[in-house]
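Enquirer: Each residue of the sequence shown is one higher than the one before, counting from 233 in the numbering used here.
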Amino acid sequence: MTLTPEIAPEVLAACQRSAAEASQAFSRALDAAITLTPAETSELSLEQLPDACGGPGLLVVLNVGEVAAVVAIPEATQLLPKWCAAPDATGASKLATLAQELGTLLLPETHAPNDFAAFYVDDLAAALTRGELATRASTVSLKLETSEHAGTAWLLWPVAKPQALATGATETAAPPSQTAAPPSSDILDESPWHGHADSLEAALPQLPSYTRSLLKIRVPIVVTLASSKQPLNRIIELAPGSIIPFEKSCEDTLSLEVNNHEIAIGEVVKVGDKFGLRITSMILPPERFLPLKKRSVECTRG
């Protein structure tokens, strides 16, 4: 299903239902205790955008098929940390996580986003003009408050050309759909995009074809809650209602395995009514050192 103004009541209901969790998502990403309150839904056009959208701010883009909904957070709210304008690797990760969480929380399940991005722009209104916000667009006002500041963000849809929103955005937070190619580099690690998942997507065209093919291979991702070894006779006795005890505490971190290799650990989070894993640390592959053997040299005398 595509985004249309007619789904405004469903979007407002989703925002109201998930307000507490969306508040936590904003708080984690923007380094402040933020409370979100959905205010109302209405229709507007580009000419009717609030004055605060005439300046810089953060855009959270939620792609649903070919169009998108966006959350516009003006700099004028004074809720955006200074690093948002030029995020480092940690900041870019926070913004990407915020986009993913808001996509799950603010839109109804029937219109779940297939892609997410968040980036800072110099002019919110100009970005929405480039993205071709619909003439009869819908919006939900989102009141954001901290102990010191209060402001309003807007959830707007539909945007016909979400890929055009990022023109002029900060490079380190560019979304995957950005069409501009990153600077050429023979080694990916030397690219200024290195370390950002969104930017790695933009760097893919630089890679050799065989490498791009490898990156498309689907591998299983498994989150292990707990594991235990039991004698075979105990397993044979298992039946509906049986309880298997584990020595792991409910508050312990969980391991993330990719293709049977543990790569990270994290903690359980709730995203809407879904289960999720927030990665807290990565596990580096074991280092192997091989002893160097002296090569024997035979000396012959003439």
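All residues carry an ideal CB built from backbone N, CA and C; glycine is no exception. A quick note: this is a predicted structure, and the numbers were derived from the prediction, not measured.
So Phe258 packs on Val293, CB below 8 Å; how close in whole Å?
Expert: At roughly 16 Å, the Cβ-Cβ gap does not stay under 8 Å, so Phe258 and Val293 are not in contact.
Enquirer: Within the same chain, show all residues whose beta-carbon is closer than 6 Å to that of Val296, passing over the 5 residues directly before and after it, in chain order.
Expert: Contacts found: Leu235, His343 and Pro345.
Enquirer: What's the C-alpha gap between Leu360 and Ala382?
Expert: If I take the Cα positions, the gap works out to 23 Å.
Enquirer: Could you tell me if Ser474 is buried or exposed, where buried requires 16 or more neighbouring beta carbons within 10 angstroms of its beta carbon?
Expert: With fewer than 16 Cβ atoms within 10 Å of its Cβ, Ser474 is classed as exposed.
Enquirer: Please name the residue in Gly323, Lys506 and Cys316 whose C-alpha comes closest to that of Asp354.
Expert: The shortest Cα separation from Asp354 among Gly323, Lys506 and Cys316 belongs to Cys316.
Enquirer: Taking C-beta to C-beta, are Leu365 and Val391 nearer than 8 Å?
Expert: Going by C-beta atoms, Leu365 is nearer than 8 Å to Val391.
Enquirer: Alpha carbons only, please: which of Leu278, Asn492 and Arg260 is nearest the one belonging to Ala369?
Expert: Taking only the C-alpha atoms, the option nearest Ala369 is Leu278.
Enquirer: Would you decide whether Phe507 is buried or exposed? Buried here means 16 or more other CB atoms lie within 10 Å of its CB.
Expert: Counting Cβ neighbours within 10 Å, Phe507 comes out exposed, since fewer than 16 surround it.
Enquirer: In terms of residue numbering, what span does the beta strand (DSSP E) encompassing Asn295 cover?
Expert: Here the beta strand (DSSP E) through Asn295 covers Gly289 to Val296.
Enquirer: Could you pull out every residue in the same chain whose Cβ sits closer than 8 Å to the Cβ of Pro270, ignoring the five residues on either side in sequence?
Expert: Contacts found: Leu244, Cys247, Gln248, Ala251, Val372, Ser373, Leu374 and Lys375.
Enquirer: Unbroken alpha helix (DSSP H) runs of length 4 or more, entirely within the stretch 244–289: which are they?
Expert: Qualifying alpha helix (DSSP H) stretches, in chain order: 251–262.
Enquirer: Which same chain residues, not among the five before or five after Val490, have their C-beta less than 6 Å away from its C-beta?
Expert: Cβ within range, chain order: Val451 and Ile453.
Enquirer: Can you tell which of Leu330, Ser274 and Ala304 has the C-alpha that lies nearest to the C-alpha of Gly287?
Expert: Minimum Cα distance to Gly287 is reached at Ala304.
Enquirer: Just curious, the beta strand (DSSP E) that Ile453 is in, first and last residue?
Expert: Element bounds for Ile453: Ile453 to Thr456.
Enquirer: For Glu489, which of helix, strand or coil comes out of DSSP?
Expert: Reduced to three states, the DSSP call for Glu489 is strand.
Enquirer: Using the Cα positions of Glu275 and Ala385, report the straight-line distance between them to the nearest angstrom.
Expert: In a straight line, the C-alpha of Glu275 is about 15 Å away from that of Ala385.
Enquirer: Pro306 by DSSP, collapsed to three states: which one?
Expert: Note: Pro306 maps to strand in three-state DSSP.
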